[in-house]
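Residue numbers (this note's numbering), protein chains in the order written: chain A, 107 to 324; chain B, 107 to 324; chain C, 250 to 485; chain D, 250 to 485. C-beta: ideal position from N, C-alpha, C; glycine also. Since the structure is predicted, the reported quantities are computational estimates derived from the model, not experimental observations.
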């Protein structure tokens, strides 16, 4: 079973050289730590950065320079700063090649729910609805089962949706799944040591398993 | 009868302190020369300038700094430069308080034609359609009769329109007219030495004359 | 030029009245108009509708106006960690309209650019689309559905810039830019507070982010705290 | 980072083909991509549809591509003084689509900002509105009619900037900015020619007008003539 870093490490293999990538909060943020040698990507932060760098050295924090998670960050030499209208403009125009974000639920037709639990305090969708509605290529990083042991890969989302038919790929602690255009979670890889049986038990939506499923190489 | 400079001089009196103004090519450009002492305006040029200054001194022309008439210009200390989308954005959002432009014909309901003569080479409308469709306050500077002696203040424009029901005020070599919301050219002032009779003869559209019409003071 | 320079935040907001709609720049606590927020607390204007990406924290930013119950309604994309906000929202004292961040930014842009509506795919198929026009368009070779969203209207836009000049031209610093430029364009009256106010002519015209035409009042703010919400660092 | 730097204009346009649609930055002769225009003449690509505010003059700018009859269609707001243009237009050799300047700019912006359509009042009630959707909206307290206009699609956008870096970030100089930033955002492939190409890190991120994400190829141009169309001066 993969831990958070393992999920991030596996997702990092999907990142191609020269891509502009938006990373959500949580596991997606960790992806930046595992991008292979020789692969250079530019991270977009939707509050107005392209070319986001690592956290600043102690004492070098700048209150005027934060990322979309409100954390102090730095800029790479290639960086540019822009306003929020341009930021979401480039997202809508699909200039950001890849979006990686977390989810509470994903359905077998690619719907995603990750912003609201009825009855609980709702903090807001931030930029998530814009990102999922626009990006051509979205990878969800998530735990496959919730704390109650229930699958979060569902026939239909039970929570209010963030976006419809938008998710193409999911990486969880158990495996990697493509969502097929006609619907269904197609198992692509198993996490190390995970059996098909374990995956079946953790998938409530339509699971598609064709032929031998390789174990993931990280 | 006013000459071009006289028309420009009269229009200059309509300009209020602190206004942002867009001046079209021709007579409107001359208005800048007659803005009274103590009245400061910022000229907008739709290719991307606010705070346009006079022509440069000989030898100081800069190919990168031109106005919408493609003439070399300078910048005032208050100037800013922006792209064409923002330029027309501020025009559409009515931040430019006053537009002064020329016309071939104006109709009694405020339609204007100034971009196309069927059968002749058409150079294009440039920014004129955007300006007339958006500005809250438009003054037309024009000759009241054409070379054939025909009035250009008409019941209805004969040429293809640039904009509809948009002109509020006209200054010609003969007089100053308000266009009433219900239609009609309301004579406000006569040019020095011009009689009501001369004005009637030069106005094909509905002319409204109420009471004594003062002679213009320039 | 009409004088746009005012003495301070109190003078800048002198005609800001109860029940008005305001836009306030900033992302989290970054690039927020600290001086004007403090002046609004002091003035005690009530019943405000605030268009702002976030709602501050309990004791800073818009959180201060929540503590004093001066805000009737928030229009935001994310309201973060704010206990008083949560209490007022759950008790129904505070109206909250949560909208996608890009929609928020673009509705401000639309106001500044004279576009009555814009279409965005954000929120299609979700509860955000309830009651809104959904329409199919082809873009980038792909046909999909878009929501129609209206330009915002606001009585005042209150923004914070790094440098400003007496003609109202503004330059922002780093990610403190965020929503400030669009909001500056969108206010019926736009107030800019700046860290450095300089005479017209000192800013490079090519570096100006907000042309002065959009700014009605400007002043040099004081005592900027510029609080950091999440101080994340690495060791040398 | 994938290398965006190409040697010269010839390399930048190597896969530009007959019958493609191009956007070309510039206003009059100011801020036009001189090197790429010359390279297109040399390459001899034909049947081009050019979206450009103007059409150059007889012996400079897009006028050069008109002389060689490489342009099938111009989409412009004003075509100026250009005898060959006039001849081809009147003879029917050249298709010309004249559209309002703000519409041109905003249709480019729409492409770059992922907005499939925009509404503008420009052209309502004129022949420009023929066949287009007209719709009433309220804006700024006033109800009026707007035309729906579509985002442009183009195979290549070719722009000229003053400075650029190896990451594709661009800074324009003075009014040579004009249409270049929106077109840069709008091309399926965007080519930028710059007067000075510098290593990434040399441009101030706050001064960048076009972020590198929009630029696919960049090179330092040579022998810029920067011709002045109307030399207007005053005496000292």
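Of the candidates A:179, A:183, A:228, A:160, A:228 places its Cα closest to the Cα of residue 332 of chain C.
The DSSP assignment places complete beta strand (DSSP E) segments of no fewer than 3 residues inside the stretch 359 to 420 of chain C at 366 to 369, 383 to 388, 391 to 399, 405 to 414, in order along the chain.
In the three-state reduction of the DSSP assignment, residue 220 of chain A falls in the coil class, being assigned neither a helical nor a strand state. Residue 268 of chain C counts as exposed, since fewer than 16 other beta carbons sit within 10 angstroms of its beta carbon. Contact of residue 325 of chain C with chain A by beta-carbon distance below 9 Å involves 230. DSSP lists A:285, A:313 as the bridge partner or partners of residue 291 of chain A.
Against chain B, a Cβ distance below 8 Å from residue 455 of chain C picks out 187. For residue 377 of chain D, the residues of chain B that pass the 7 Å Cβ criterion are 235, in the order they occur in the chain.
By the CB criterion at 7 Å, residue 216 of chain A and residue 285 of chain A fall inside the cutoff. The continuous alpha helix (DSSP H) containing residue 114 of chain B extends over residues 110 to 118. The shortest CA-to-CA distance from residue 265 of chain B to any of B:231, B:249, B:218, B:295 is the one to B:218. With the criterion set as a beta carbon lying under 9 Å from some beta carbon of chain C, the stretch 252 to 265 of chain D has no members that meet it. In this chain, the alpha helix (DSSP H) harbouring residue 340 of chain D covers 332 to 340.
Between residue 400 of chain C and residue 183 of chain B, the gap from beta carbon to beta carbon reaches 7 Å or more. A distance below 7 Å separates the beta carbons of residue 315 of chain A and residue 293 of chain A. Secondary structure note for residue 468 of chain C: its beta strand (DSSP E) is the uninterrupted segment 466 to 469.
Contact between residue 274 of chain D and residue 195 of chain A is absent: CB atoms are separated by about 18 Å, not below the 8 Å threshold. Taking 7 Å as the cut-off between beta carbons, the residues of the stretch 358 to 385 of chain C near chain A are 358, 369, 370, 371, 372, 373, 374, 375, 376, 377, in sequence order. Here residue 463 of chain D has 433, 434, 439 as same chain residues with Cβ atoms under 6 Å from its own Cβ, once five neighbours each way along the sequence are excluded.
The beta carbon of residue 146 of chain A sits closer than 8 Å to the beta carbons of 123, 124 from its chain, once the five residues preceding and following it are set aside; these are given in chain order. Per DSSP, residue 304 of chain B is not a residue of any beta strand (DSSP E); the alpha helix (DSSP H) it occupies stretches across 302 to 307. Under the three-state reduction of DSSP output, residue 140 of chain A falls in the helix class.
A Cβ-Cβ distance of about 15 Å is found for the pair residue 245 of chain B and residue 197 of chain B, leaving them out of contact under the 8 Å criterion. Of the residues assessed, residue 201 of chain B falls on the buried side of the cut-off, its CB having 16 or more other CB atoms within 10 angstroms. By a beta-carbon distance limit of 8 Å, residue 422 of chain C does not contact residue 189 of chain A. Their separation comes to about 13 Å. Looking at B:133, B:168, B:116, the one whose alpha-carbon comes closest to that of residue 424 of chain D is B:168. Taking a cut-off of 8 Å on C-beta distances, the stretch 408 to 421 of chain C does not touch the stretch 171 to 179 of chain A, as fewer than three cross pairs fall below it.
Straight-line spacing of the CA atoms in residue 204 of chain A and residue 118 of chain A works out to 11 Å. Residue 481 of chain C carries a coil assignment under DSSP once its states are collapsed to helix, strand and coil. Residue pairing of residue 269 of chain A in beta bridges, as defined by DSSP: A:218. By the beta-carbon neighbour count (other beta carbons within 10 angstroms, threshold 16), residue 254 of chain B is exposed. In the three-state reduction of the DSSP assignment, residue 299 of chain C falls in the strand class. Sixteen is the threshold: when 16 or more other Cβ atoms of the shown chains lie within 10 Å of the Cβ of residue 455 of chain D, as they do, the residue is buried.
Taking the C-beta atoms as reference points, residue 396 of chain D is found no nearer than 7 Å to residue 355 of chain D. Chain B has no Cβ within less than 7 Å of the Cβ of residue 427 of chain C.
Across the structure, residue 460 of chain D and residue 154 of chain A are spaced so that their CA atoms are roughly 10 Å apart.
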